[in-house]
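A quick write-up on the structure given underneath.
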Amino acid sequence: MSFGILLAVIVVTRIGWRFMPGHRVKPAGTGPIDRAATAVHYLLYGLLALEAVLGFVLRWSGGEAMSFFGLQIPSPMAEVSKATNDFIGDLHNWNGWAIIVLAAGHAGAALYHHYVVKDDVLRRMLPQGRTAA
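Residues in the sequence shown are numbered from 1 upward in steps of one, following the numbering used here.
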């Protein structure tokens with residue numbers, strides 16, 4: 001649970017960092033593939049944020065406190081029925097799998113670009129390969 005909370009903090013920090021001026025990578029192009037890549041990035045950010053929210057809600061909707069390396073964070077919400085709590089758990093699980101599948105496809109697309117298309121997609125991901133937008 002502590003690592004889930006840390007991940008939530010990292011995701012929020014990463015999203016904030018990504019949208020700060022000077023930290024955005026200039027798009028490689030303007031075609032439909034570039035728009036799809038941007039959509040996948042936004043979808044991944046959204047799913048990661050949703051996973052963090054679902055994790056908190058899952059724990060708190062069961063009437064349990066969150067534990068962050070021993071520090072107890074009490075639930076600010078009322079306990080819900082077991083069926084509702086189980087449904088939230090299912091959403092958390094399915095959202096996690098969606099992240100895994102989308103991230104694997106994203107990695108596969110990057111490798112495809114590198115080895116088949118032979119463009120600079122992977123190099124652009126490195127700090128020294130970036131050109132700010």
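Even for Gly, the Cβ is constructed at its ideal location relative to N, Cα and C.
Starting from F69, trace the beta strand (DSSP E) both ways and give me its first and last residue.
Here F69 belongs to no beta strand (DSSP E), and DSSP marks it neither H nor E.
Need the endpoints of the alpha helix (DSSP H) that Y42 sits in, please.
32–61
Take S75 and list the residues in its own chain whose beta-carbon comes closer than 7 Å to its own, dropping the five residues that flank it on each side.
W60, G63, E64, A65
Of the residues I33, M77, A103, W17, which one's Cα is nearest the Cα of L48?
A103
Ordered along the chain, which non-local residues of its own chain (more than five positions away) have a Cβ less than 7 Å from that of V11?
L48, A49, A52
Can you tell which of H106, Y112, F87 has the C-alpha that lies nearest to the C-alpha of A39?
H106
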